[in-house]
Each structure stands twice: as structure tokens, then as C-alpha cells.
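Structure first, then comments.
2 protein chains.
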Amino acid sequence: MEPNSTTENRIKEAARKIFIKKGLAGARMQEIADEAKINKAMLHYYYRNKEQLFKKIFEEVAAEFVPKIFSILGEDRPLEVKVQDFVSHYLDMLTRNPFLPLFVLSELRSQPEFFENAVGIKRSGILEKLAVQLKAEAKAGHIKPISPANFMANLMSLSIFPFLAQPMLQLIFSMNTQEFKNFIEERKQLIPQFIMSSLKT
Amino acid sequence: MEPNSTTENRIKEAARKIFIKKGLAGARMQEIADEAKINKAMLHYYYRNKEQLFKKIFEEVAAEFVPKIFSILGEDRPLEVKVQDFVSHYLDMLTRNPFLPLFVLSELRSQPEFFENAVGIKRSGILEKLAVQLKAEAKAGHIKPISPANFMANLMSLSIFPFLAQPMLQLIFSMNTQEFKNFIEERKQLIPQFIMSSLKT
DNA sequence: GTCTATAAAGGGATAGAC
DNA sequence: GTCTATCCCTTTATAGAC
Chain B
36 MEPNSTTENR IKEAARKIFI KKGLAGARMQ EIADEAKINK AMLHYYYRNK EQLFKKIFEE
96 VAAEFVPKIF SILGEDRPLE VKVQDFVSHY LDMLTRNPFL PLFVLSELRS QPEFFENAVG
156 IKRSGILEKL AVQLKAEAKA GHIKPISPAN FMANLMSLSI FPFLAQPMLQ LIFSMNTQEF
216 KNFIEERKQL IPQFIMSSLK T
Chain Y
36 MEPNSTTENR IKEAARKIFI KKGLAGARMQ EIADEAKINK AMLHYYYRNK EQLFKKIFEE
96 VAAEFVPKIF SILGEDRPLE VKVQDFVSHY LDMLTRNPFL PLFVLSELRS QPEFFENAVG
156 IKRSGILEKL AVQLKAEAKA GHIKPISPAN FMANLMSLSI FPFLAQPMLQ LIFSMNTQEF
216 KNFIEERKQL IPQFIMSSLK T
């Protein structure tokens, strides 16, 4: 068993696994209990009901999805370096947690209110810093002008979408799981190139 | 009521709406019946059970998601024109059906076998034509070399992801629904520019 | 804290009248 | 084809012993 194997930790790990795979509606309390190797009644002892257990898990997972990594974008470094760092770290994280984006975005659609707490990015000032840098670089003629929203949408799209569409991409391009991993690995180099080339004046 | 308001059509429209919003596990037969303004028993009369009703709907929706529009990419026209056409048409379709991508990709994760029939793209020869064109353009020095998988992944990422992440983007960038529509409208021009600039030699 | 047993609600499916 | 009534399995949640 795991190192920090208290009952509560086992419940959280099990719930995380099952909720991410099946979503709130598709998950079964019995399945979570089995995965945690405990009795179903214990779930209710620790977290009164399914909703509360889910809420707890979702908030933790959502906080990972819009992660510390975003702080990279607020640092005082050249744009290109920040893009490379962001893509590299984010793709690593998503390779370890490939189902995370679909889970967060799916549940976010039906439960938008869960998200507000989890997202620190809006209050962090990162976007403002990024906006200043994009404007400065454009004024200096280093890049084409671009809004922070479009810049971020492009960066996140190129990084996250392949994981959302993994089954479809594997089907269309006849990739097995290892080939998909190689594809992602290759994109760690390519995405920053795409982004920076598209901004060239 | 709708023009072609047979019972079967009303069931399909209602089921489509509810399944897309809640998914297979989250949808309730009662809710679909209410939406269609018929009795729950009628659902079972027309489609023996929930699974079959879902399968019918999913196949139709999946066929729209990897749509006729993809044939644009196989045509004998300049790359730039094809990209513009594709983005413009696809973003229009997604604006009319903003929940469609999340639905298809979510259910595809748990039911990959449903998709095989719906995807005509692999058998269509479009990818081969596209591969030839990308290779020729690169050899002629018009664009940087790029694999069809990366080209398609970029094109689909930039087009589809914003709809998947709509609630998150609206939250982070403080957009209301109209502003989001304007954002998408703007991207009809921007995405082809990004794509083509990133391929410039 | 942990278990067994069971209540209570939810929801898919069917029988049978019209 | 359409409805009402109902069955019955599944799943959440609780009671109560240890």
C-alpha cells in the first residue's frame, strides 16, 4: 500500500481516480469504496455524501489544471523562454495526468460555480504582466500585436487539445499509445516554434 | 411546435439536447420525455432502451463533428485558402453547436467503439492528399516541413479548444457571452494567420 | 473508526388498457 | 401509437452493533 496510507488519503486517491475516469454522474460510491479497499459506509463517515466528496476532489484537481505553472508566464524573462518553459512543464504534467483536462472542462460546464475558488490566475496579476510584455514587445517591433486572450487561447489550445482528443487522434492517425507519447514529446519543441513563428513581424 | 413534429423527431431532438448537455450517465429518460412532451414509455417504444437511443444520437452528432467540412482539406486548392475556408465554416458550425465538442470527446473517451463508424475521414483519402500537398509545398520552399498529424492537430486545437474551454475563458478574461462570440468571430481571421505565419520559411 | 444490514430514493423498463 | 400504473434493480444514505 501507499506510504501515507490513512483511510482518508486512500479515499481521496480512490475518489480522484474514479471521478476523473467516470465523472460525477458516472461514478459509483461502491466503486470508489472498492478502489480504496474500504467499506462504503466509510465514505459517508468522512464525507457526508457524494456531492461533498466530489466537490472536494474537483477543487483540488481544478487547482492543478490552472496550475502554479501559469506563474511562469508572469516572470521577468523573454517571451520565448517563458513559452518554452510553460509548454515543457505543462505537457509533462498532462502526460502524467492525461484525463485531467477532459474531467475539469466537462464538470466545469455543468458546475461553473465550483471553479471560481480554484482559479487564482485572475487575482494573481499574471495576466496584467503578460499584457504589458506583449504590448512592449509589439511596440519594439519584436512581435506582431496580439491580445492576451488570443495569446493564451493559442498557447493552451495547442498544449491541451491533443490530450482531450487523444482517442480521436490515435484513431485518425493510426497511432498506438507509445506513438502518441512520442507525438506529444515532439510537440514540446514544435509548439513554442509555432507560437513564436506566428508572432514574427 | 416544430415543423416536422412527428413523435420520433421530437424524441430525437429532445434526446440530442439532453444527452449533449448531461452525457449518457447524467441524462434521465424522464427528462428527455419531458423535453419531448411525451410519455416516458414512448421512448422505450421507439428505442428499446437508453443505450440504443444514445447510440443513435451519438452517431449522428459524431458525424457532424468530423464533418463534411473536412473534405475542404482534400480539395485541389492553395493551402492558405483551404485553411481559411475550413476555419470559417467550422467556427460557424461550432458557434451554432458550442457543446458539441465536449460531448463527442467525453463520450468518445468511454465509448471509443461508437466512433469508428462515424469517422469517414480515415477512409476518405483526405489525409493522403493533404500529406502530398504539405510535402510538395515544403519541397518548393513555400512552407516549413510539417507532418499531417501536427498540421491537423494545430488546426483543430486552435479552432475547437476555445469552445471546450468557453466557461474558463469567460471567467479568466471576464467576457460575457456576446464578448465571447466576438472573440470567436475575430479568431476566424486570426487562426489562418497564425497557421500560415507559423509555416513561413 | 469500522463494519453489516437495511432503509429510502431514484430511475430504467414493462404490462396492459385504450 | 399513446397512456397510466407499476415493477424491480441499482445506488445513495443511514442505523446501530462492535
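As given, the protein sequences belong to chains B and Y, one line each in that order.
Going by my numbering, the first sequence opens with residue 36, and the numbers climb by one from there.
Going by my numbering, the second sequence opens with residue 36, and the numbers climb by one from there.
Positions of the beta carbon are idealized from the N, C-alpha and C atoms, including for glycine.
Residue i versus residue j - alpha carbon distance
i: Val116 of chain B; j: Leu190 of chain Y; result: 24 Å
i: Val96 of chain B; j: Asn132 of chain B; result: 10 Å
i: Val101 of chain B; j: Val139 of chain B; result: 10 Å
i: Ala62 of chain Y; j: Glu151 of chain B; result: 25 Å
i: Asn44 of chain B; j: Ala49 of chain Y; result: 42 Å
i: Lys72 of chain B; j: Ile161 of chain Y; result: 50 Å
i: Lys7 of chain Y; j: Ile181 of chain B; result: This structure cannot speak to residue 7 of chain Y, because chain Y is shown only from 36 to 236.
i: Ser145 of chain B; j: Lys57 of chain Y; result: 8 Å
i: Glu86 of chain Y; j: Ile92 of chain Y; result: 10 Å
i: Arg112 of chain B; j: Pro197 of chain Y; result: 27 Å
i: Val118 of chain B; j: Leu126 of chain B; result: 12 Å
i: Leu321 of chain Y; j: Asn39 of chain B; result: One cannot answer for residue 321 of chain Y here, as it falls past the ends of chain Y, which runs 36 to 236.
i: Ile107 of chain B; j: Asp120 of chain B; result: 7 Å
i: His124 of chain Y; j: Met187 of chain Y; result: 16 Å
i: Ser233 of chain Y; j: Arg51 of chain Y; result: 38 Å
i: Gln168 of chain B; j: Glu99 of chain B; result: 25 Å
i: Gln201 of chain B; j: Lys47 of chain Y; result: 29 Å
CB contact below 8 Å: residue i versus chain Y
i: Ser192 of chain B; result: yes
i: Ile107 of chain B; result: no
i: Gly58 of chain B; result: yes
i: Asn238 of chain B; result: Since the displayed chain B opens at 36 and closes at 236, residue 238 of chain B lies outside it and no answer follows.
i: Leu126 of chain B; result: no
i: Ile104 of chain B; result: no
i: Pro202 of chain B; result: yes
i: Ala98 of chain B; result: no
Any chain B beta carbon closer than 8 Å to residue i
i: Ile195 of chain Y; result: yes
i: Phe89 of chain Y; result: no
i: Ile178 of chain Y; result: no
i: Met64 of chain Y; result: no
i: Leu225 of chain Y; result: yes
i: Ala171 of chain Y; result: no
i: Lys157 of chain Y; result: yes
i: Ser141 of chain Y; result: yes
i: Asn132 of chain Y; result: no
i: Gly61 of chain Y; result: yes
i: Ile235 of chain Y; result: Going by the sequence as given, residue 235 of chain Y is Lys instead of Ile. Output row for Lys235 of chain Y: interface = yes.
i: Arg144 of chain Y; result: yes
i: Ala184 of chain Y; result: yes
i: Pro147 of chain Y; result: yes
Coil, strand or helix - residue i by DSSP
i: Ser182 of chain Y; result: coil
i: Thr130 of chain Y; result: helix
i: Lys174 of chain B; result: helix
i: Asn39 of chain Y; result: coil
i: Ala200 of chain B; result: coil
i: Ser141 of chain Y; result: helix
i: Lys56 of chain B; result: helix
i: Met210 of chain Y; result: coil
i: Lys164 of chain B; result: helix
i: Arg158 of chain B; result: helix
i: Gln146 of chain B; result: coil
Checklist line | Continuous alpha helix (DSSP H) assignments of at least 4 residues falling wholly in the stretch 65-119 of chain B | finding: 75-81, 85-100
Notebook entry, point to check: Three or more beta-carbon pairs under 8 Å between the stretch 201-213 of chain Y and the stretch 145-161 of chain B, yes or no?
Noted result: yes
Notebook entry, point to check: Do three or more CB pairs link the stretch 179-194 of chain B to the stretch 221-234 of chain B at distances below 8 Å?
Noted result: yes
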